[in-house]
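Novice: Shown below is the structure under consideration.
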Ligand code: M6R
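Given below as structure tokens:
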């Protein structure tokens, strides 16, 4: 049942190209994104005044990526909300807002409560859900199904990747309908999306390198992830993956926030992982990494093929193939999933069933 892999998590990491392809193909007709089965007319899309994305854990992290992508492409204001916060703070919703709830299981208690609250206020709701027939799938006005298939490991991987794809497709389509991108850009983005599964396959071919590095981190006490923009969103997910299955303390920091507190924790030997996929932000994040290094940190960089100058700064660099920068999270997350996985294995832990955690959190 683990398809020859030692753990479900590794099997599911390898199922990501297929999860992405299936999710994407379900909404592409004749080379164009077709959302007609989702009850959102072009008129509705034009009228959206604000998008709220409500979710927990990794699903929330995909929301953070979608926020960057959707605001940049479609120029719609997007707020991402932790469902457990959103549900208790009398959010101000207007009739032209769209509330998107994201959930693999479709049963997460706080996310479901957030959905119900939005519906009570008469706002349009859309679920991005993996489990067909789950509570959120049944109650949301419309559903964008991620076709990742059953996910067993507590640490999500393929569902996360499929949620990202759903977020990109909504962003691209909203951008087209609202006239924010040209026809050429529109088809260009779709073509680029279709290259992602193969690029993930290429990253997976090199997994032994990450295994080697991960083994050296087995006794680490703290690991920090830093990045800006979409890279910060990737850090959030990388840090959660690592801590939930390896039990090593880790934090994700927006790189520019380091000097507002966290840099006081940096001392000899602490690993800082810098994520650098956004060309406009490279230099800024590199200078934050250098500041950590001068306080004794050792540095790992996760960046795009071609950005070789980072080797002057970082001791260990992982490269992912080039893609449009909006979609970089889909590639950069994979080495971080592998890192979490291999550190957990090196520590002899129960990768698929980490202590204290449940696959689906149906109570508050
Ligand atoms: O089923 P959901 O997507 O609603 O679950 C949300 C979180 O509980 C989930 O993503 C959790 O953070 C994962 N264990 C992370 O790997």
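Residue numbers (full-length UniProt numbering): 249 to 612.
By construction, the Cβ of each residue, glycine as well, lies at the ideal position given by its N, Cα and C atoms.
Just to confirm my understanding: we take residue 463, look at its own chain, exclude 5 residues before and 5 after, and list those with CB closer than 6 angstroms. What are they?
Specialist: Excluding sequence neighbours, residue 463 sits near 594.
Novice: In chain order, what residues of the same chain lie with their CB nearer than 6 angstroms to the CB of residue 615, ignoring the 5 residues before and after it?
Specialist: No statement about residue 615 is possible, as the shown extent of the chain runs from 249 to 612 and does not include it.
Novice: How big is the Cα-Cα spacing for residue 415 and residue 346?
Specialist: If you take the alpha carbons of residue 415 and residue 346, they lie about 13 angstroms apart.
Novice: Are the Cβ atoms of residue 371 and residue 393 separated by less than 8 angstroms?
Specialist: In this structure, residue 393 does not lie closer than 8 angstroms to residue 371 by Cβ.
Novice: Please report the distance separating the alpha-carbon of residue 497 from that of residue 389.
Specialist: Distance between the alpha carbons of residue 497 and residue 389: 39 angstroms.
Novice: Does at least one heavy atom of the ligand M6R sit under 7 angstroms from the Cβ of residue 403?
Specialist: Yes, the ligand M6R has a heavy atom inside 7 angstroms of this Cβ.
Novice: Just confirm the distance between the C-beta atoms of residue 549 and residue 524, as a whole number of angstroms; I'd bet it's less than 8 angstroms.
Specialist: Indeed, because the Cβ distance is near 6 angstroms, the residues count as touching under 8 angstroms.
Novice: Since residue 478 contacts residue 407 with CB under 8 angstroms, what's their CB separation in whole angstroms?
Specialist: Not confirmed; about 19 angstroms, so no contact.
Novice: What are the partner residues of residue 298, as DSSP defines its beta bridges?
Specialist: Beta-bridge pairing links residue 298 to 345.
Novice: How many Å lie between residue 292 and residue 426 at the Cα?
Specialist: Approximately 10 angstroms, taken between the alpha carbons.
Novice: Answer yes or no: the CB of residue 488 versus the heavy atoms of the ligand M6R, is any distance below 7 angstroms?
Specialist: Yes, Cβ of residue 488 sits closer than 7 angstroms to a heavy atom of the ligand M6R.
Novice: From the DSSP secondary-structure annotation, give me the bridge partner or partners of residue 497.
Specialist: Bridge partners of residue 497: 470.
Novice: Comparing alpha-carbon positions, which option in 349, 424, 442 lies nearest residue 616?
Specialist: Coverage of the chain is limited to positions 249 through 612, which leaves residue 616 absent and any answer about it impossible.
Novice: Hey, quick one: how far does the beta strand (DSSP E) through residue 329 stretch, first residue to last?
Specialist: First-last of the beta strand (DSSP E) with residue 329: 326 to 330.
Novice: If you compare alpha carbons, which of 561, 597, 412, 288 is closest to residue 535?
Specialist: Residue 535 has its Cα closest to that of 561, out of 561, 597, 412, 288.
Novice: Using 7 angstroms as the cut-off, classify the Cβ of residue 492 as near or not near the heavy atoms of the ligand M6R, replying yes or no.
Specialist: Within the cutoff, so yes.
Novice: Is residue 382 near residue 353, with beta carbons less than 8 angstroms apart?
Specialist: In contact: residue 382 and residue 353 (Cβ atoms closer than 8 angstroms).
Novice: Just to check, is the beta-carbon of residue 608 closer than 7 angstroms to a non-hydrogen atom of the ligand M6R?
Specialist: True, at least one ligand heavy atom lies under 7 angstroms from that Cβ.
Novice: Should the region 437 to 453 be called in touch with the region 267 to 286, which here means at least 3 C-beta pairs below 8 angstroms?
Specialist: Output reads yes: the region 267 to 286 touches the region 437 to 453.
Novice: Which whole-angstrom value describes the C-beta separation of residue 258 and residue 589, a residue pair presumed to lie in contact below a C-beta threshold of 8 angstroms?
Specialist: 6 angstroms between Cβ atoms; contact.
Novice: Take the Cβ of residue 335 as the centre, count every other Cβ of all protein chains shown within 10 Å, and call the residue buried at 16 or more, exposed below.
Specialist: It counts as buried.
Novice: So which of 597, 301, 361, 396 has the shortest CA-CA distance to residue 272?
Specialist: Taking only the C-alpha atoms, the option nearest residue 272 is 396.
Novice: At a threshold of 7 angstroms, does residue 361 count as lining the ligand M6R (C-beta to nearest heavy atom)?
Specialist: No, the ligand M6R has no heavy atom inside 7 angstroms of this Cβ.
Novice: Below 8 angstroms between beta carbons: does that hold for residue 568 and residue 580?
Specialist: Yes, Cβ-Cβ distance for residue 568 and residue 580 is below 8 angstroms.
Novice: When burial is assigned at 16 or more other CB atoms within 10 Å of the CB, is residue 411 buried or exposed?
Specialist: Buried is the call here.
Novice: The beta strand (DSSP E) that contains residue 604, what's its start and end?
Specialist: Segment: none, residue 604 is in no beta strand (DSSP E) and carries neither H nor E.
Novice: What does DSSP give as the partner residues of residue 521 in its beta bridges?
Specialist: Per DSSP, 473, 548.
Novice: Taking the alpha helix (DSSP H) that residue 582 falls in, what are its first and last residues?
Specialist: Here the alpha helix (DSSP H) through residue 582 covers 576 to 594.
Novice: If residue 605 sits next to residue 492, beta carbons under 8 angstroms apart, how far is it from one beta carbon to the other, in whole angstroms?
Specialist: Between residue 492 and residue 605 the Cβ distance is about 6 angstroms, and since that is below 8 angstroms, they are a contact.
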